[in-house]
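J.: The following block contains the structure, expressed as structure tokens.
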Amino acid sequence: MLSIKNLHVSVHHKEIIRGLSLEVNAGEVHAIMGPNGTGKSTLAAVIAGKEVFEVTSGEIIYKSRNLLEMAVEERASEGIFLGFQYPVEIPGVSMTNFMKTAVNEQRKYKGLDPLTASEFLALMEAKKKLVDIQSKLTNRSVNEGFSGGEKKKNEIFQMAMLEPTLAILDETDSGLDIDALKVVANGVNALRRPDNAFIVITHYQRLLDYIVPDVVHVLYEGRIVKTGGKELALELEEKGYEWLKESNS
Amino acid sequence: MKNGFTNGIVRLREKLEAACSEVLARSDDDNGFIRKERERAMASFKRLGFPTQAMEAWRSTDLTATLAQDYRIFTEAPETGQDIGQIFQCDIHHLDTDLVTLLNGWYVDHGQAIRQLSCGTVVGSLAAARLAYPALFEAHYGRQADVAAGGLNAINGAFALDGVFVYVPDGVTAGKTVQIVNIINSDENIMIQPRNLVILGKGSKLQLVHCDHSVRHKRSFINSVSELFIGEEAVLDHYKLQNKDNDSAQVTSAFFEQQSGSRLSSTVITLNGGIIRNNLHVKLSGPGCDASLHGLYLVDREQHVDNKIVVDHMAPDCVSRQLYKGIIDDQAMAVFNGYVHVARDAQRTNAYQNNRNILLTDKATVHTQPHLEIYADDVKCSHGATVGQLDPEAMFYMRARGIREDTSRMLMMYAFAADVINHIRIHPVRHQIDEMVYRRLRGELSVCDQCILDCNAQRPQVFEIDLNKI
Ligand SMILES: Nc1ncnc2c1ncn2[C@@H]1O[C@H](COP(=O)(O)OP(=O)(O)O)[C@@H](O)[C@H]1O
Ligand SMILES: [Mg+2]
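Line by line, the protein sequences are chains A and B.
Each residue of the first sequence is one higher than the one before, starting from 10 at the first, in the working numbering.
Each residue of the second sequence is one higher than the one before, starting from 669 at the first, in the working numbering.
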């Protein structure tokens, strides 16, 4: 589904991703772990299409297409979803209007008729239950005045609404208490299907107790330095990241 | 002054002075009140002349090209042979208004120059009101619009031939929204100077919607002055919608005076226009007044919009809030000058001012400046001005959800504008303005469906008023 080969990415002439390769197949859950500032969010943003990041070499193939040639919104409509580490507040744009526009623009892209108002509301009610999001949040402006936990749940809610093929969750678990963490994990598990895939970026092994990954990668200084099964996460939890610095220095 | 324009400006000045002499020569009132007012105003104009950019208040707005045009100036009301009421079809759903029309600055009377509505409100032409209600007229006319304050105010006062008069007696709640429509329709370039007087008695209530509308693509210059007197405990909701063609120039001056415990909500929406200058003066004369002044301007191409607001806190315990927001595209320019003056006795004043702008291009400009003068010590005042672009992080967030770039931009601009639109209390008007702003932001709003009435969007022929027949 996703194939990244020898990717190099710079921002303002500073190289952040330095030769990264990654293969994700349908039905898989990949976890990416690693210390702060090693390029995890950068990788996620490059896949989503953020323009400030310059791909200097390498390729990303998604569903047999060159992802790097696709516009941000086209990637989204082709099923790529980024759960933001820091969800953005958009004053004055209601969650409902935002989601309705997103759902219908994606439908339009696929040649489908827009959902009617009642179909849309029914969909929203169903997905709100899935992620245990309160109704008052969908009446407010996008992320405005939301608590940290509400913002993260809102990302999962949006993911549930848009039913992506490849979802990248960037530290969706950070700052969540155990209940919110379970909500996020349940949301992901409910959406897992043989034809979709997840990349879960996290610092902590505890999320991976609930979302069991097929593959765990360790990202360090812009490269994947270790790949293993779910037991690698436990090992990292025990040893921390210090050993990486030693073995890479 | 730019060379080449000088002759034109001299010509306009001479024309206005000659026309004014003509008006004075055939003075038609018994007691000489209006004659004295006109003479005083003319003397003032002779002294002050037209505004120039050398004047602080006009620094950012250049009227040179406007003043250098050759205009036809009317000194008499043309005979109306056509019932304009018949050709107006108001398109605001569920809004039943008492409609008042000015055609090229003259009251269109449908055979009745002044009428009393069933609720008791009096609506009519200024010229008729002067004769029908002399005491009321003289007690309020010219009290706020100071002819010494500016040349354009003065020249308006030197004519003061016609305009709209509204009087809501004490304790009366005007049943329907009163809607004033200014139509400009001429085969020639014209300069018009409507003069409006609105009086709200004690404890009365009025909703007033004021729309400007031009029909022909000729140059027009409107220099309007409105005086609005809000009596004790009275409530005025005032909406002004400007959507004129790019060849028009408009200087509007609205003077509000508020007596104790009164409330004013003013909303000025500018969707299109050539050069627009809106002067808004609010004098809080009695204690316990509340004034909310909202504005939204969406300008592009070569358009120029200048909002000058003066709030005079003369009495204690009043609240004023200014919220003006604008989106400026292409090479357009917006100017905002907000003055708040708090007199020594105006203790416990709350005055807020906020001007926010989004510039869509490198060539778009905005000049925004607060001016606070505070002489009382127990005062809460705040002011803020921002000039920014659309938040690129928010743009990316929306696009990452599959929303196209143009739609994302639209949603954000619309959200920015919604802040002002949401203050509109008349629901059908809010709905219509909302719709117009939406279309304006999508680039779908044309100048022919400019007015809030949206009368001729589907029926352009209804506006083919032949001036020769009027
Ligand atoms: N927009 C940007 N401009 C400049 N530097 C950036 C930008 N985004 C990220 N970086 C830098 O790239 C590096 C990797 O950041 P990031 O991908 O956010 O790491 P992680 O998510 O692993 O904590 C950091 O050194 C960060 O400062
Ligand atoms: Mg990060």
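For each residue, glycine too, the CB sits at the ideal point set by N, CA and C.
Because the structure is a prediction, the values reported are computed rather than measured.
#1: Assign Glu246 (chain A) to one of three DSSP states: helix, strand, or coil.
#2: Can you find the residues in the same chain that come closer than 7 Å, C-beta to C-beta, to Glu180 (chain A), ignoring five residues on each side of it along the sequence?
#3: Report buried or exposed for Gly971 (chain B), applying the criterion of at least 16 other Cβ atoms within 10 angstroms of its Cβ.
#4: So does the segment 196–206 of chain A actually touch the segment 142–155 of chain A, counting three or more Cβ pairs closer than 8 Å?
#5: Determine the contact status of Val38 (chain A) and Leu11 (chain A), defining contact as a CB-CB distance below 7 Å.
#6: Assuming Gly101 (chain A) contacts Asp1087 (chain B) (C-beta within less than 8 Å), just tell me the rounded distance between them.
#7: Would Leu767 (chain B) and Gln847 (chain B) qualify as a contact pair, given that the criterion is a beta-carbon distance under 7 Å?
#8: Once the 5 residues before and after Thr841 (chain B) are set aside, which same chain residues still bring their CB inside 6 Å of it?
#9: Is Lys160 (chain A) near ligand 2, going by C-beta to nearest heavy atom under 6 Å?
#10: I want to see whether chain A comes within less than 7 Å of Arg679 (chain B), judged by CB atoms only; does it?
#11: Who are the neighbours of Ile1071 (chain B) on chain A, taking C-beta pairs under 7 Å?
#12: Would Ser916 (chain B) and Gly942 (chain B) be called neighbours here (beta carbons separated by less than 7 Å)?
#13: In or out: Ile633 (chain B) buried (at least 16 other Cβ within 10 Å) or exposed?
#14: Residues of chain A with a CB under 8 Å from the CB of Glu1061 (chain B): which are they?
#15: Which chain A residues are close to Thr1054 (chain B), counting only those with a beta carbon under 7 Å from its beta carbon?
#16: So does Gln1037 (chain B) have its beta carbon nearer than 6 Å to some heavy atom of ligand 3?
#17: For Ala57 (chain A), which residues in chain B fall below 7 Å Cβ to Cβ?
#18: Using DSSP bridges, identify the partner residues of Asp958 (chain B).
#19: Does at least one heavy atom of ligand 2 sit under 6 Å from the Cβ of Lys248 (chain A)?
#20: Compute the beta-carbon to beta-carbon distance between Arg1016 (chain B) and Pro984 (chain B), rounded to the nearest angstrom, for a pair I have assumed lies under 8 Å.
#21: Using a Cβ-Cβ cut-off of 6 Å (strictly less than) and excluding sequence neighbours within five positions of Val979 (chain B), which residues of its own chain qualify?
#22: Over the uninterrupted alpha helix (DSSP H) stretch that includes Gln1100 (chain B), give me the two end residues.
#23: Quick check on DSSP: helix, strand or coil for Ala80 (chain A)?
#24: Looking only at its own chain, which residues have a Cβ that is under 6 Å from the Cβ of Thr920 (chain B), when we skip the five neighbours before and after it?
#25: DSSP state of Glu895 (chain B), grouped into three classes?
#26: At a CB-CB cut-off below 7 Å, which residues of chain B make contact with Pro100 (chain A)?
#27: Looking only at C-alpha atoms, which of A:Leu171, A:Glu60, A:Leu139 and A:Ile70 sits nearest to Lys119 (chain A)?
#28: Return the bridge partner residues of Ala946 (chain B) from the DSSP annotation.
#29: Comparing alpha-carbon positions, which option in A:Glu82, A:Gly36, A:Ile56 and A:Ser66 lies nearest Arg1069 (chain B)?
#30: Since Phe656 (chain B) and Ser894 (chain B) are thought to touch, with beta carbons under 8 Å apart, how far apart are those beta carbons, to the nearest angstrom?
#31: Is Gln94 (chain A) near ligand 2, going by C-beta to nearest heavy atom under 6 Å?
#32: How long is the line joining the alpha carbons of Phe166 (chain A) and Ala817 (chain B), rounded to whole angstroms?
#33: By DSSP's criteria, Tyr835 (chain B) is part of a beta bridge. Which residues make up the other side?
#34: Residues of the segment 117–147 of chain A with a CB closer than 8 Å to any CB of chain B: list them in chain order, please.
#35: Step through the CB atoms of chain B and report whether any lies within less than 7 Å of the CB of Ser50 (chain A).
#36: Tell me the start and end of each unbroken alpha helix (DSSP H) in the segment 1020–1063 of chain B that is at least 4 residues and wholly inside, in chain order.
T.: Taking the definition as stated:
#1: Looking at Glu246 (chain A) - three-state DSSP - the assignment turns out to be helix.
#2: Gln94, Ile210, Thr211 and His212
#3: Reading off the sequence, residue 971 (chain B) comes out as Gln, not Gly. By the neighbour-count rule (16 or more Cβ atoms within 10 Å), Gln971 (chain B) is buried.
#4: No, because fewer than three Cβ pairs between the segment 196–206 of chain A and the segment 142–155 of chain A fall closer than 8 Å, the two stretches do not touch.
#5: Leu11 (chain A) is positioned such that its CB atom lies no closer than 7 Å to that of Val38 (chain A).
#6: 6 Å
#7: yes
#8: Counting only Cβ-Cβ distances below 6 Å, and skipping sequence neighbours, we find Lys873.
#9: no
#10: no
#11: Glu82, Thr110, Ala111 and Glu114
#12: yes
#13: Chain B is shown from 669 up to 1138; residue 633 (chain B) falls before or after that span and cannot be answered.
#14: Val97
#15: Residues of chain A passing the Cβ test: none, with the nearest at roughly 12 Å.
#16: Of the ligands one can find in the structure shown, namely ligand 1 and ligand 2, none is ligand 3.
#17: Ala1068
#18: B:Arg931 and B:Val987
#19: no
#20: 5 Å
#21: Val950, Ser988 and Val1008
#22: Per DSSP, Gln1100 (chain B) belongs to the alpha helix (DSSP H) from His1095 to Leu1109.
#23: Three-state DSSP puts Ala80 (chain A) in coil, outside helix and strand.
#24: Residues of the same chain with a CB within less than 6 Å of the CB of Thr920 (chain B), apart from the 5 flanking positions on each side, are Ser892 and Asn946 in chain order.
#25: strand
#26: Within chain B, the residues Ala1083 have their CB atoms less than 7 Å from the CB of Pro100 (chain A), given in chain order.
#27: Distances from the CA of Lys119 (chain A) to each of A:Leu171, A:Glu60, A:Leu139 and A:Ile70 were compared; the closest alpha carbon is that of A:Leu171.
#28: The sequence given here places Asn at residue 946 (chain B); Ala does not occur at that position. Paired residues: B:Thr920 and B:Asn975.
#29: A:Glu82
#30: There is no way to answer for residue 656 (chain B), as the model of chain B reaches only from 669 to 1138.
#31: At a cut-off of 6 Å, the beta-carbon of Gln94 (chain A) counts as near ligand 2: some heavy atom of the ligand is closer than that.
#32: 59 Å
#33: B:Val790 and B:Ile867
#34: Tyr118
#35: Output row for Ser50 (chain A): interface = no.
#36: none
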